[in-house]
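Top to bottom, those sequences are chains P and D.
Just so you know, we're using numbering that gives the first Met the number 0 here: the first sequence kicks off at 0 and counts up by one.
Just so you know, we're using numbering that gives the first Met the number 0 here: the second sequence kicks off at 0 and counts up by one.
Number of protein chains: 2
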Amino acid sequence: MIRVFIVDDHPVVIEGIHSLLQHEKDIEWVGHAMNAQSCLGYFVHNTADIILMDINLPDMNGVDLCAVIKEKYPGVFVLGLSTSNQGLYIKKMMENGASGYILKNSSREDVLKAIHAVADGCIYFSGEVGEALKQYQKSAPVALPAISRREREVLGLIAEGYTNPEIAEKLFVSQFTVDSHRKNLIAKLNVKNTAMLIRFAVEHKLV
Amino acid sequence: MIRVFIVDDHPVVIEGIHSLLQHEKDIEWVGHAMNAQSCLGYFVHNTADIILMDINLPDMNGVDLCAVIKEKYPGVFVLGLSTSNQGLYIKKMMENGASGYILKNSSREDVLKAIHAVADGCIYFSGEVGEALKQYQKSAPVALPAISRREREVLGLIAEGYTNPEIAEKLFVSQFTVDSHRKNLIAKLNVKNTAMLIRFAVEHKLV
DNA sequence: GCAAAAATCCCTCTTTCCGGTGATTTTGCG
DNA sequence: CGCAAAATCACCGGAAAGAGGGATTTTTGC
Chain P
0 MIRVFIVDDH PVVIEGIHSL LQHEKDIEWV GHAMNAQSCL GYFVHNTADI
50 ILMDINLPDM NGVDLCAVIK EKYPGVFVLG LSTSNQGLYI KKMMENGASG
100 YILKNSSRED VLKAIHAVAD GCIYFSGEVG EALKQYQKSA PVALPAISRR
150 EREVLGLIAE GYTNPEIAEK LFVSQFTVDS HRKNLIAKLN VKNTAMLIRF
200 AVEHKLV
Chain D
0 MIRVFIVDDH PVVIEGIHSL LQHEKDIEWV GHAMNAQSCL GYFVHNTADI
50 ILMDINLPDM NGVDLCAVIK EKYPGVFVLG LSTSNQGLYI KKMMENGASG
100 YILKNSSRED VLKAIHAVAD GCIYFSGEVG EALKQYQKSA PVALPAISRR
150 EREVLGLIAE GYTNPEIAEK LFVSQFTVDS HRKNLIAKLN VKNTAMLIRF
200 AVEHKLV
C-alpha cells in the first residue's frame with residue numbers, strides 16, 4: 000500500500016489526481032495541502048510514502064520545500080509535479096533529493112508508473128520531462144568559443160588558486176604571458192573578471 | 000515492438016539478458032556486440048530502439064560510446080548497464096544523453112520496467128542506482144562549514160562578477176563590510192583566493 | 001537576560017588583477 | 001611554402017583583492 004500526499008495550490012489539480020488515483024487498490028490517498036506550511040504541518044504528526052509536489056506554491060517554492068522535506072524526513076519520496084516543463088527547476092529539485100518528475104498533463108499510465116517506480120526507490124521522469132532535462136544538460140557544449148590547449152591549462156591552474164606569477168613559474172614562462180592568457184580567456188568567454196571566469200568554467204565543465 | 004541491442008564484453012551478461020528477454024512478446028532481440036567498434040559497425044546499416052550498454056568496454060568506455068551514439072543516432076535510446084554502482088560514471092553517462100541506468104544484477108522486473116520506460120522516452124534508474132546517484136549528488140552538503148545568510152548572499156554576487164564596491168552599493172553597506180564577508184568566506188572554506196572560492200562554491204552548489 | 005554569533009565598519013600596505021596596446025616567435029594545416 | 005592561429009613577451013596605470021590589524025552594533029539562541 001503506497002500512501003500518497005499531494006501539495007498543490009490548484010484545487011483542480013488536486014481533484015484531478017485524486018479521482019485518478021482513488022480506484023487504485025495499492026494506493027492510499029492520505030491527504031493534501033495547498034501550501035508549503037500546511038504540508039509541513041501535516042508531516043509533524045503524520046507521514047506518507049510519496050509526496051506529489053508542485054513547483055509553484057504560494058508561500059515557498061517546491062525546490063526549497065523538497066529540500067526541507069528530505070532533510071527532516073529522508074524516507075519520504077518526493078515526485079515533482081508541474082505544468083511548466085523547465086529543465087532548470089527540475090534539475091534543482093533533483094539535486095534537492097527528489098525522486099522524479101512528471102507533468103500535470105501526463106497520462107494516467109504515466110502517473111501510476113511514476114508512483115510505482117518511485118515507491119520502489121527508483122527514479123522516474125516522464126517522457127517530455129526527460130526531453131527538457133536532456134536539453135538543459137546539453138546547453139553547455141553548444142557555442143563554446145574555442146579555447147586553446149594552453150589557455151585551458153592556465154584556466155585549470157587559476158581555478159586551483161594559483162596567481163599569475165605562480166602559474167608563470169610552474170609553466171616556465173613569463174608572468175606577462177600568463178596574464179595574456181587570462182585576459183584572452185576573460186575576453187573569449189565574455190565574462191567580467193576571474194570570479195565569473197571560474198564560475199563559467201566550472202559550470203561548463205572546462206575544469 | 001521494442002528492438003533491443005546490447006554491448007557488453009561479458010558473454011555471461013549477454014546470455015543472461017538474452018534469456019531474460021527472449022520470451023517477451025513486445026521485445027525483439029536485434030543483436031549484440033562485445034566492443035564499441037562492432038557496436039558502431041552494426042549501426043552503420045542497422046538500427047535499434049534501445050542499446051543496453053556496459054560502462055566497461057575493451058576498446059572504448061561506455062561514457063564515450065554513449066556520446067558517439069547519441070551524436071550519430073539521436074533517436075536510439077541508451078540504457079546504462081553495469082556491475083559497478085558508481086555515481087560518477089552514471090552521472091557522466093547521463094550527461095552524454097543516456098536515458099537511464101540499471102545494474103546487471105537487477106531483477107527481471109527491473110530490467111523490463113527500465114526498457115519499457117526508456118522506450119516510452121522516459122528516464123529510469125533502478126533503485127540501487129538511484130541511491131548511488133543521490134549519494135553522489137549529496138556529496139556536497141556534508142561537513143560544510145557554516146556559512147551565514149549574508150555571506151552566502153555576498154558569495155552569490157561575487158560569483159556573478161561584481162566587485163566589492165559594487166556589492167556594497169547593491170546591499171547598502173560599506174565596502175569594508177563586503178570585504179570582511181569575502182575574507183571570512185575565504186577563511187571558512189579554506190581556500191586561497193576568490194578563484195578557488197568560486198570554484199568551491201560552484202562545485203558544492205552554494206551558488 | 002546574557003553570551004555567542006553575525007553583521008557591520010575602519011585603516012594600511014602589498015600584491016594581484018584588468019584594460020589597453022603593442023610586439024615577436026612558434027606551430028598547425030592546407 | 002605560406003597563412004593563420006596560437007603562444008610568447010612587454011609596458012603602463014588604475015582598480016581591486018588579499019593580509020594584517022582592529023572595533024562596534026545587532027541578532028539570535030538558549
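All residues carry an ideal CB built from backbone N, CA and C; glycine is no exception.
Distance check for residue j and residue i, CA to CA, integer angstroms please.
| i | j | result |
| --- | --- | --- |
| leucine 111/D | asparagine 34/P | 37 Å |
| asparagine 60/P | glutamine 36/P | 11 Å |
| asparagine 55/D | glycine 15/D | 17 Å |
| alanine 186/D | asparagine 192/D | 9 Å |
| arginine 107/D | tyrosine 123/D | 15 Å |
| leucine 188/P | threonine 162/D | 18 Å |
| isoleucine 146/P | valine 153/P | 11 Å |
| aspartate 25/P | isoleucine 114/P | 11 Å |
| glutamate 23/D | isoleucine 13/D | 16 Å |
| lysine 182/P | alanine 167/D | 26 Å |
| aspartate 8/D | aspartate 58/D | 10 Å |
| alanine 139/P | glutamine 21/P | Low confidence applies here, because alanine 139/P scores a pLDDT of 40, under 50, leaving its location unreliable; read the following figure in that light. Going from the Cα of alanine 139/P to the Cα of glutamine 21/P covers about 43 Å. |
| lysine 71/D | leucine 184/P | 31 Å |
| threonine 82/P | tyrosine 100/P | 11 Å |
| alanine 47/P | arginine 2/P | 5 Å |
| glutamate 165/P | leucine 170/D | 34 Å |
| glutamate 202/P | lysine 90/D | 15 Å |
| valine 177/D | glutamate 127/D | 45 Å |
| phenylalanine 175/D | aspartate 63/D | 49 Å |
| valine 67/D | arginine 198/D | 29 Å |
| valine 172/P | serine 173/D | 39 Å |
Verify whether the separation of the beta carbon atoms of residue i and residue j is less than 8 Å.
| i | j | result |
| --- | --- | --- |
| asparagine 45/P | lysine 69/P | no |
| cysteine 65/D | methionine 92/D | yes |
| phenylalanine 4/P | valine 43/P | no |
| valine 190/P | glycine 155/D | no |
| glutamate 27/P | methionine 52/P | no |
| isoleucine 49/D | alanine 116/D | no |
What does the Cβ neighbour count give for residue i, buried or exposed, with the cut at 16 atoms within 10 Å?
| i | result |
| --- | --- |
| glycine 74/P | exposed |
| serine 18/P | exposed |
| serine 105/P | buried |
| glycine 40/D | exposed |
| valine 11/D | exposed |
| serine 98/P | buried |
| histidine 31/D | buried |
| aspartate 109/D | buried |
| serine 125/D | buried |
| alanine 142/D | The pLDDT assigned to alanine 142/D is 46, lower than 50, so where the model puts this residue is not dependable, and the model offers no usable value. |
For my contact list, residue i and residue j are in at a C-beta cut-off of 8 Å; report their separation, rounded to the angstrom.
| i | j | result |
| --- | --- | --- |
| lysine 103/P | leucine 87/P | Not confirmed; about 18 Å, so no contact. |
| cysteine 38/D | valine 77/D | That belief does not hold up - the Cβ atoms of cysteine 38/D and valine 77/D are roughly 11 Å apart, past 8 Å. |
| leucine 205/D | arginine 151/D | 7 Å |
| alanine 158/P | alanine 200/P | 6 Å |
| histidine 180/P | arginine 148/P | Contact flag wrong, Cβ pair sits at about 11 Å. |
Taking only heavy atoms of the ligand ZN into account, decide whether any of them is closer than 7 Å to the Cβ of residue i.
| i | result |
| --- | --- |
| arginine 181/D | The ligand ZN is not part of this structure, which contains no ligands at all. |
Q: Taking only runs that begin and end inside the stretch 4-55 of chain P, name each unbroken beta strand (DSSP E) of 3 or more residues, in chain order.
A: 26-32, 49-53
Q: Within the stretch 154-200 of chain D, note down every full beta strand (DSSP E) run reaching 3 residues or more, in order along the chain.
A: none
Q: Give, in chain order, every unbroken run of the beta strand (DSSP E) that is at least 3 residues long and sits entirely within the stretch 87-129 of chain D.
A: 99-102, 122-124
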